[in-house]
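Okay, structure first, notes after.
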Amino acid sequence: MGDTPDHANGDTATEPTLDIDRHLKYWKMCLQAPLPNHYLSNEGVRMTLAYFIVNSIRILTPTPSPTSTTPPKPPLIPPSDHRRLRQWVLSHQQPGGGFAPSSTLLSPPTTTTTNNSNHTNPDPANPSATTGLANLPATLFALQLLALLADEGEEERAFEGVDRVQTLRWLRRLQRADGSFGEAVSWMPGEEEWFVGGGYDMLYCYIAVAVRWMLRGDVGGGGEDEAGVGDLDVGALERYILGSQTYDGGFAGSSKEEPHAGYAYCAIAALSLLDRPLTNSTALHPNKILHSGIRNMPALLHWLASRQFVYLEAPPPNPDDDNFDDSEDEDNFRLPVPPRRPLPRSANHHPRRVQRPLQQVLWRLPVRDGQGD
1 MGDTPDHANG
11 DTATEPTLDI
21 DRHLKYWKMC
31 LQAPLPNHYL
41 SNEGVRMTLA
51 YFIVNSIRIL
61 TPTPSPTSTT
71 PPKPPLIPPS
81 DHRRLRQWVL
91 SHQQPGGGFA
101 PSSTLLSPPT
111 TTTTNNSNHT
121 NPDPANPSAT
131 TGLANLPATL
141 FALQLLALLA
151 DEGEEERAFE
161 GVDRVQTLRW
171 LRRLQRADGS
181 FGEAVSWMPG
191 EEEWFVGGGY
201 DMLYCYIAVA
211 VRWMLRGDVG
221 GGGEDEAGVG
231 DLDVGALERY
241 ILGSQTYDGG
251 FAGSSKEEPH
261 AGYAYCAIAA
271 LSLLDRPLTN
281 STALHPNKIL
291 HSGIRNMPAL
301 LHWLASRQFV
311 YLEAPPPNPD
321 DDNFDDSEDE
331 DNFRLPVPPR
341 RPLPRSANHH
351 PRRVQRPLQQ
361 VLWRLPVRDG
371 QGD
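If you count the sequence shown from 1, position 146 lands on 146 in full-length UniProt numbering, and the numbers rise without skipping.
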(Lines of atoms letter the chains of each structure in order from A and count residues from 1; the text may use other names and numbers.)
(Lines give C-alpha, C1' and ligand atoms only; values in the text may rest on other atoms or scores of the structure.)
Protein backbone atom coordinates (compact mmCIF):
# COMPACT_ATOMS: atom_id res chain seq x y z
CA MET A 1 0.00 0.00 0.00
CA GLY A 2 1.17 3.52 -0.75
CA ASP A 3 0.27 6.84 0.88
CA THR A 4 -1.03 10.01 -0.77
CA PRO A 5 -1.89 13.32 0.93
CA ASP A 6 -5.50 14.53 0.90
CA HIS A 7 -4.94 18.15 -0.15
CA ALA A 8 -8.54 18.67 -1.29
CA ASN A 9 -9.83 18.56 2.29
CA GLY A 10 -6.89 20.47 3.71
CA ASP A 11 -5.65 17.33 5.41
CA THR A 12 -1.94 16.74 5.33
CA ALA A 13 -2.38 13.18 6.58
CA THR A 14 -1.74 10.50 4.01
CA GLU A 15 -4.37 8.12 2.71
CA PRO A 16 -3.47 4.53 1.83
CA THR A 17 -3.53 3.63 -1.86
CA LEU A 18 -3.24 0.31 -3.62
CA ASP A 19 0.18 -0.50 -5.08
CA ILE A 20 -1.22 -2.07 -8.25
CA ASP A 21 2.10 -3.16 -9.75
CA ARG A 22 3.12 -4.91 -6.56
CA HIS A 23 -0.29 -6.52 -6.21
CA LEU A 24 -0.16 -7.78 -9.79
CA LYS A 25 3.23 -9.37 -9.06
CA TYR A 26 1.64 -11.19 -6.15
CA TRP A 27 -1.20 -12.54 -8.30
CA LYS A 28 1.27 -13.56 -11.01
CA MET A 29 3.25 -15.50 -8.40
CA CYS A 30 0.06 -17.25 -7.28
CA LEU A 31 -0.72 -18.15 -10.88
CA GLN A 32 2.69 -19.44 -11.97
CA ALA A 33 4.25 -20.81 -8.77
CA PRO A 34 3.00 -23.07 -5.99
CA LEU A 35 0.46 -21.25 -3.86
CA PRO A 36 1.66 -19.68 -0.59
CA ASN A 37 1.37 -21.95 2.41
CA HIS A 38 -1.52 -19.86 3.76
CA TYR A 39 -3.74 -21.39 1.07
CA LEU A 40 -2.91 -25.05 1.72
CA SER A 41 -6.12 -25.57 3.68
CA ASN A 42 -8.07 -24.43 0.60
CA GLU A 43 -6.66 -27.11 -1.70
CA GLY A 44 -10.13 -28.61 -1.98
CA VAL A 45 -11.48 -25.45 -3.64
CA ARG A 46 -8.64 -24.76 -6.08
CA MET A 47 -11.13 -23.85 -8.82
CA THR A 48 -12.36 -21.00 -6.63
CA LEU A 49 -8.81 -19.77 -5.99
CA ALA A 50 -8.02 -19.90 -9.71
CA TYR A 51 -11.05 -17.78 -10.51
CA PHE A 52 -10.11 -15.07 -8.02
CA ILE A 53 -6.49 -15.05 -9.21
CA VAL A 54 -7.37 -14.68 -12.90
CA ASN A 55 -10.20 -12.23 -12.29
CA SER A 56 -8.02 -10.06 -10.04
CA ILE A 57 -5.40 -9.86 -12.79
CA ARG A 58 -8.07 -8.88 -15.32
CA ILE A 59 -9.47 -6.18 -13.04
CA LEU A 60 -6.08 -4.68 -12.14
CA THR A 61 -4.65 -4.75 -15.67
CA PRO A 62 -5.22 -1.30 -17.21
CA THR A 63 -7.07 -1.09 -20.49
CA PRO A 64 -4.81 0.29 -23.26
CA SER A 65 -5.80 3.79 -24.31
CA PRO A 66 -6.04 4.41 -28.08
CA THR A 67 -4.47 7.85 -27.60
CA SER A 68 -1.59 6.69 -25.42
CA THR A 69 1.92 6.89 -26.89
CA THR A 70 3.34 4.47 -24.33
CA PRO A 71 3.69 0.95 -25.75
CA PRO A 72 1.40 -1.48 -23.92
CA LYS A 73 2.93 -3.95 -21.52
CA PRO A 74 2.76 -7.64 -22.44
CA PRO A 75 -0.21 -9.34 -20.77
CA LEU A 76 0.46 -11.16 -17.51
CA ILE A 77 -1.52 -14.09 -18.90
CA PRO A 78 -0.35 -14.65 -22.51
CA PRO A 79 -2.60 -16.44 -25.04
CA SER A 80 -0.63 -19.67 -24.64
CA ASP A 81 -1.45 -19.67 -20.93
CA HIS A 82 -5.08 -18.99 -21.77
CA ARG A 83 -5.24 -22.28 -23.67
CA ARG A 84 -3.36 -24.15 -20.96
CA LEU A 85 -5.63 -22.84 -18.22
CA ARG A 86 -8.74 -23.61 -20.26
CA GLN A 87 -7.59 -27.21 -20.62
CA TRP A 88 -7.02 -27.34 -16.87
CA VAL A 89 -10.54 -26.08 -16.18
CA LEU A 90 -12.13 -28.52 -18.64
CA SER A 91 -10.23 -31.42 -17.07
CA HIS A 92 -12.43 -30.98 -13.98
CA GLN A 93 -15.63 -31.55 -15.96
CA GLN A 94 -17.58 -34.61 -14.83
CA PRO A 95 -19.23 -37.11 -17.22
CA GLY A 96 -22.61 -36.53 -15.61
CA GLY A 97 -22.37 -32.75 -15.81
CA GLY A 98 -20.85 -30.02 -13.69
CA PHE A 99 -17.28 -29.44 -12.53
CA ALA A 100 -15.25 -30.75 -9.61
CA PRO A 101 -13.68 -28.14 -7.29
CA SER A 102 -10.11 -29.51 -7.31
CA SER A 103 -7.98 -31.99 -9.24
CA THR A 104 -6.91 -33.58 -5.95
CA LEU A 105 -10.43 -34.96 -5.63
CA LEU A 106 -10.47 -36.57 -9.06
CA SER A 107 -10.01 -40.30 -9.53
CA PRO A 108 -10.05 -42.57 -12.61
CA PRO A 109 -13.59 -43.20 -13.85
CA THR A 110 -15.13 -46.46 -12.74
CA THR A 111 -16.99 -48.84 -15.01
CA THR A 112 -18.55 -51.10 -12.40
CA THR A 113 -21.14 -50.49 -9.78
CA THR A 114 -19.65 -49.67 -6.39
CA ASN A 115 -20.92 -48.54 -3.05
CA ASN A 116 -19.32 -45.15 -3.59
CA SER A 117 -22.33 -43.21 -4.80
CA ASN A 118 -20.16 -40.20 -5.58
CA HIS A 119 -18.79 -41.93 -8.67
CA THR A 120 -21.40 -44.22 -10.23
CA ASN A 121 -24.95 -45.38 -10.05
CA PRO A 122 -26.27 -48.84 -11.06
CA ASP A 123 -26.22 -47.86 -14.74
CA PRO A 124 -22.58 -46.87 -15.44
CA ALA A 125 -23.08 -47.29 -19.18
CA ASN A 126 -25.19 -44.13 -19.15
CA PRO A 127 -22.90 -41.07 -18.94
CA SER A 128 -25.67 -38.97 -17.41
CA ALA A 129 -25.79 -41.40 -14.51
CA THR A 130 -22.25 -40.69 -13.34
CA THR A 131 -22.51 -37.90 -10.80
CA GLY A 132 -18.79 -37.54 -10.15
CA LEU A 133 -17.63 -34.90 -7.69
CA ALA A 134 -19.29 -31.89 -9.25
CA ASN A 135 -20.83 -29.20 -7.10
CA LEU A 136 -22.57 -25.93 -7.83
CA PRO A 137 -19.95 -23.39 -6.69
CA ALA A 138 -17.16 -25.15 -8.59
CA THR A 139 -19.32 -25.24 -11.72
CA LEU A 140 -20.04 -21.52 -11.54
CA PHE A 141 -16.38 -20.61 -11.03
CA ALA A 142 -15.32 -22.95 -13.85
CA LEU A 143 -17.74 -21.33 -16.31
CA GLN A 144 -16.67 -17.85 -15.27
CA LEU A 145 -13.02 -18.84 -15.66
CA LEU A 146 -13.67 -20.10 -19.18
CA ALA A 147 -15.34 -16.77 -20.00
CA LEU A 148 -12.38 -14.81 -18.61
CA LEU A 149 -9.88 -16.95 -20.53
CA ALA A 150 -11.59 -16.61 -23.91
CA ASP A 151 -9.29 -15.07 -26.50
CA GLU A 152 -10.12 -11.61 -27.77
CA GLY A 153 -12.59 -11.82 -30.62
CA GLU A 154 -13.59 -15.39 -29.71
CA GLU A 155 -15.83 -14.67 -26.72
CA GLU A 156 -18.69 -16.59 -28.33
CA ARG A 157 -16.56 -19.75 -28.11
CA ALA A 158 -15.89 -19.31 -24.39
CA PHE A 159 -17.88 -22.42 -23.44
CA GLU A 160 -16.47 -24.59 -26.20
CA GLY A 161 -15.74 -27.99 -24.67
CA VAL A 162 -18.40 -27.69 -21.98
CA ASP A 163 -20.91 -30.54 -22.02
CA ARG A 164 -23.83 -28.18 -21.94
CA VAL A 165 -26.53 -30.85 -22.17
CA GLN A 166 -25.21 -32.97 -19.30
CA THR A 167 -24.57 -29.91 -17.13
CA LEU A 168 -28.12 -28.62 -17.57
CA ARG A 169 -29.54 -32.08 -16.83
CA TRP A 170 -27.31 -32.31 -13.75
CA LEU A 171 -28.54 -28.87 -12.71
CA ARG A 172 -32.16 -30.03 -12.87
CA ARG A 173 -31.36 -32.96 -10.57
CA LEU A 174 -30.09 -30.50 -7.95
CA GLN A 175 -33.53 -28.91 -7.59
CA ARG A 176 -35.73 -30.19 -4.77
CA ALA A 177 -39.48 -30.59 -4.91
CA ASP A 178 -40.01 -27.34 -2.99
CA GLY A 179 -38.03 -25.41 -5.62
CA SER A 180 -34.80 -24.97 -3.62
CA PHE A 181 -31.37 -26.18 -4.74
CA GLY A 182 -28.65 -28.19 -3.06
CA GLU A 183 -24.91 -28.11 -3.63
CA ALA A 184 -24.32 -31.63 -4.98
CA VAL A 185 -26.29 -34.72 -5.96
CA SER A 186 -25.45 -38.39 -5.55
CA TRP A 187 -27.15 -41.67 -6.36
CA MET A 188 -28.45 -43.70 -3.42
CA PRO A 189 -28.21 -47.38 -4.47
CA GLY A 190 -30.40 -48.70 -1.67
CA GLU A 191 -33.09 -46.09 -2.18
CA GLU A 192 -32.81 -46.11 -5.99
CA GLU A 193 -33.09 -42.34 -6.13
CA TRP A 194 -31.04 -39.16 -6.25
CA PHE A 195 -30.04 -37.53 -2.98
CA VAL A 196 -29.54 -33.75 -3.01
CA GLY A 197 -27.07 -32.60 -0.37
CA GLY A 198 -25.77 -29.28 0.81
CA GLY A 199 -28.48 -27.85 3.02
CA TYR A 200 -30.95 -25.07 2.32
CA ASP A 201 -28.84 -22.11 1.31
CA MET A 202 -30.09 -19.25 -0.85
CA LEU A 203 -26.61 -19.09 -2.39
CA TYR A 204 -27.26 -22.36 -4.25
CA CYS A 205 -30.45 -20.91 -5.75
CA TYR A 206 -28.51 -17.90 -7.02
CA ILE A 207 -25.71 -20.04 -8.47
CA ALA A 208 -28.18 -22.38 -10.15
CA VAL A 209 -29.95 -19.47 -11.82
CA ALA A 210 -26.59 -18.00 -12.93
CA VAL A 211 -25.49 -21.31 -14.49
CA ARG A 212 -28.88 -21.62 -16.18
CA TRP A 213 -28.61 -18.10 -17.60
CA MET A 214 -25.11 -18.76 -19.00
CA LEU A 215 -25.79 -22.16 -20.57
CA ARG A 216 -29.43 -22.12 -21.60
CA GLY A 217 -28.98 -19.54 -24.31
CA ASP A 218 -31.97 -18.21 -26.21
CA VAL A 219 -34.49 -20.72 -24.87
CA GLY A 220 -37.25 -19.16 -22.83
CA GLY A 221 -38.39 -20.48 -19.50
CA GLY A 222 -40.38 -23.69 -19.33
CA GLY A 223 -39.63 -25.18 -22.73
CA GLU A 224 -37.08 -27.65 -24.03
CA ASP A 225 -34.10 -26.52 -26.06
CA GLU A 226 -32.90 -27.98 -29.35
CA ALA A 227 -31.20 -30.84 -27.47
CA GLY A 228 -34.38 -31.75 -25.63
CA VAL A 229 -33.17 -30.45 -22.26
CA GLY A 230 -36.02 -29.18 -20.15
CA ASP A 231 -35.84 -26.06 -18.03
CA LEU A 232 -35.71 -25.80 -14.26
CA ASP A 233 -38.99 -25.56 -12.39
CA VAL A 234 -38.84 -21.78 -12.43
CA GLY A 235 -42.25 -21.36 -10.81
CA ALA A 236 -41.30 -23.54 -7.84
CA LEU A 237 -38.01 -21.68 -7.46
CA GLU A 238 -39.79 -18.31 -7.43
CA ARG A 239 -42.25 -19.54 -4.81
CA TYR A 240 -39.43 -20.87 -2.63
CA ILE A 241 -37.45 -17.63 -2.76
CA LEU A 242 -40.44 -15.34 -2.25
CA GLY A 243 -41.74 -17.57 0.55
CA SER A 244 -38.42 -17.26 2.40
CA GLN A 245 -39.01 -13.63 3.36
CA THR A 246 -39.09 -13.39 7.14
CA TYR A 247 -41.42 -11.40 9.42
CA ASP A 248 -38.99 -8.47 9.63
CA GLY A 249 -38.49 -8.17 5.87
CA GLY A 250 -35.20 -10.03 5.35
CA PHE A 251 -34.56 -13.37 3.67
CA ALA A 252 -33.40 -16.68 5.12
CA GLY A 253 -33.44 -20.37 4.23
CA SER A 254 -37.13 -20.31 5.17
CA SER A 255 -39.56 -17.74 6.54
CA LYS A 256 -39.09 -19.14 10.07
CA GLU A 257 -35.30 -18.76 10.22
CA GLU A 258 -33.07 -15.80 11.04
CA PRO A 259 -32.52 -13.51 8.05
CA HIS A 260 -29.06 -12.81 6.71
CA ALA A 261 -27.75 -10.09 4.41
CA GLY A 262 -26.03 -12.66 2.19
CA TYR A 263 -29.28 -14.60 1.81
CA ALA A 264 -31.09 -11.38 0.91
CA TYR A 265 -28.55 -10.56 -1.80
CA CYS A 266 -28.72 -14.06 -3.29
CA ALA A 267 -32.52 -14.02 -3.23
CA ILE A 268 -32.79 -10.66 -4.99
CA ALA A 269 -30.01 -11.51 -7.47
CA ALA A 270 -31.62 -14.84 -8.35
CA LEU A 271 -35.02 -13.24 -8.95
CA SER A 272 -33.37 -10.55 -11.06
CA LEU A 273 -31.56 -13.13 -13.21
CA LEU A 274 -34.77 -15.08 -13.76
CA ASP A 275 -36.25 -11.97 -15.36
CA ARG A 276 -33.09 -10.74 -17.08
CA PRO A 277 -33.19 -10.44 -20.88
CA LEU A 278 -30.62 -12.38 -22.85
CA THR A 279 -29.91 -9.47 -25.19
CA ASN A 280 -28.67 -6.06 -24.04
CA SER A 281 -28.66 -7.43 -20.51
CA THR A 282 -26.73 -4.47 -19.10
CA ALA A 283 -29.56 -2.03 -19.81
CA LEU A 284 -32.20 -1.29 -17.20
CA HIS A 285 -35.30 -3.41 -17.59
CA PRO A 286 -38.54 -3.77 -15.67
CA ASN A 287 -38.38 -6.70 -13.27
CA LYS A 288 -41.90 -7.95 -12.71
CA ILE A 289 -40.86 -10.59 -10.17
CA LEU A 290 -39.13 -8.10 -7.89
CA HIS A 291 -41.78 -5.40 -8.04
CA SER A 292 -44.87 -7.58 -7.78
CA GLY A 293 -43.63 -10.77 -6.12
CA ILE A 294 -41.97 -9.57 -2.90
CA ARG A 295 -44.83 -9.33 -0.45
CA ASN A 296 -43.35 -6.64 1.82
CA MET A 297 -40.95 -4.37 -0.03
CA PRO A 298 -41.02 -1.54 2.60
CA ALA A 299 -40.02 -4.02 5.31
CA LEU A 300 -37.19 -5.34 3.11
CA LEU A 301 -35.86 -1.82 2.50
CA HIS A 302 -36.03 -1.04 6.21
CA TRP A 303 -34.27 -4.31 7.08
CA LEU A 304 -31.49 -3.60 4.58
CA ALA A 305 -31.02 -0.02 5.83
CA SER A 306 -30.79 -1.34 9.39
CA ARG A 307 -27.76 -3.43 8.48
CA GLN A 308 -25.58 -0.32 8.37
CA PHE A 309 -22.63 -0.43 10.75
CA VAL A 310 -21.62 2.45 12.98
CA TYR A 311 -17.85 2.58 13.37
CA LEU A 312 -16.21 3.45 16.65
CA GLU A 313 -13.92 6.45 16.88
CA ALA A 314 -10.86 6.39 19.11
CA PRO A 315 -10.38 9.56 21.20
CA PRO A 316 -7.14 11.51 20.89
CA PRO A 317 -4.35 10.26 23.16
CA ASN A 318 -3.94 11.94 26.53
CA PRO A 319 -0.25 12.85 26.98
CA ASP A 320 -0.79 13.40 30.73
CA ASP A 321 -2.08 9.88 31.32
CA ASP A 322 0.75 7.33 31.37
CA ASN A 323 -1.75 4.46 31.59
CA PHE A 324 -3.70 5.45 28.49
CA ASP A 325 -3.84 2.53 26.05
CA ASP A 326 -6.30 2.81 23.17
CA SER A 327 -5.28 -0.54 21.70
CA GLU A 328 -6.66 -2.72 24.50
CA ASP A 329 -9.25 -0.78 26.52
CA GLU A 330 -12.59 -0.76 24.72
CA ASP A 331 -13.83 1.95 27.11
CA ASN A 332 -11.60 4.41 25.26
CA PHE A 333 -13.80 4.33 22.17
CA ARG A 334 -16.74 6.63 21.57
CA LEU A 335 -19.62 6.41 19.14
CA PRO A 336 -19.36 9.01 16.38
CA VAL A 337 -21.94 11.77 16.22
CA PRO A 338 -25.03 10.11 14.72
CA PRO A 339 -26.34 11.53 11.46
CA ARG A 340 -29.46 13.68 11.69
CA ARG A 341 -30.69 12.80 8.23
CA PRO A 342 -33.82 10.62 8.60
CA LEU A 343 -34.20 7.32 6.82
CA PRO A 344 -36.26 7.28 3.62
CA ARG A 345 -40.00 7.10 4.23
CA SER A 346 -40.22 3.60 2.73
CA ALA A 347 -37.42 2.43 5.00
CA ASN A 348 -38.93 4.04 8.14
CA HIS A 349 -42.20 2.19 7.74
CA HIS A 350 -42.52 -1.15 9.45
CA PRO A 351 -45.93 -2.59 10.38
CA ARG A 352 -44.85 -4.89 13.19
CA ARG A 353 -42.97 -2.69 15.62
CA VAL A 354 -42.78 0.89 16.81
CA GLN A 355 -40.15 2.81 14.91
CA ARG A 356 -37.51 4.95 16.61
CA PRO A 357 -34.68 6.92 15.06
CA LEU A 358 -31.63 4.79 14.51
CA GLN A 359 -29.45 6.90 16.78
CA GLN A 360 -31.81 6.33 19.75
CA VAL A 361 -31.42 2.55 19.74
CA LEU A 362 -27.62 2.48 19.50
CA TRP A 363 -25.84 1.40 22.65
CA ARG A 364 -23.73 4.14 24.19
CA LEU A 365 -20.35 2.79 25.20
CA PRO A 366 -18.73 3.99 28.45
CA VAL A 367 -15.79 6.34 28.11
CA ARG A 368 -12.79 7.04 30.28
CA ASP A 369 -14.03 10.31 31.72
CA GLY A 370 -17.05 8.59 33.22
CA GLN A 371 -19.59 10.64 31.27
CA GLY A 372 -20.97 7.69 29.35
CA ASP A 373 -24.00 5.63 30.39
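Glycine included, C-beta positions come from ideal geometry on N, C-alpha and C.
Boundaries of the alpha helix (DSSP H) around Glu238: Val234 to Leu242. DSSP links Phe99 through a beta bridge to Gln93 and Asn135. Between Pro101 and Val185, the CB-CB gap reaches or exceeds 8 Å.
Cβ contact annotation for Leu90 (same chain, cutoff 6 Å, sequence separation greater than five): Gly161, in chain order. Looking at the DSSP output, Gly197 bridges to Ala184.
Nearest neighbour of Gly182 by Cα position, chosen from Glu193, Asp201, Trp170 and Leu168, turns out to be Asp201. With fewer than 16 neighbouring CB atoms inside 10 Å of its own CB, Ser292 falls in the exposed class.
Judged by DSSP in its simplified three-state form, Pro79 adopts helix. In this structure, Leu171 and Ala208 form a Cβ contact; the two beta carbons are roughly 6 Å apart against a cut-off of 8 Å. Arg216 is the residue among Gly198, Ala158 and Arg216 whose C-alpha sits nearest the C-alpha of Gln166. The C-beta distance from Gly253 to Asn296 rounds to 18 Å, too long to meet the 8 Å contact threshold. Cβ contact annotation for Asn42 (same chain, cutoff 7 Å, sequence separation greater than five): Leu49, in chain order. Taking Leu273 as the centre and dropping the five residues before and after it, the same chain places the C-beta of Val209, Ala210 and Trp213 closer than 7 Å to its C-beta, in chain order.
Under DSSP, Phe251 forms a beta bridge with Gln245. Counted as a single uninterrupted DSSP element, the alpha helix (DSSP H) harbouring Ile59 occupies residues Arg46 to Leu60.
Cβ atoms of Leu76 and Thr61 come within 8 Å of each other, at about 7 Å.
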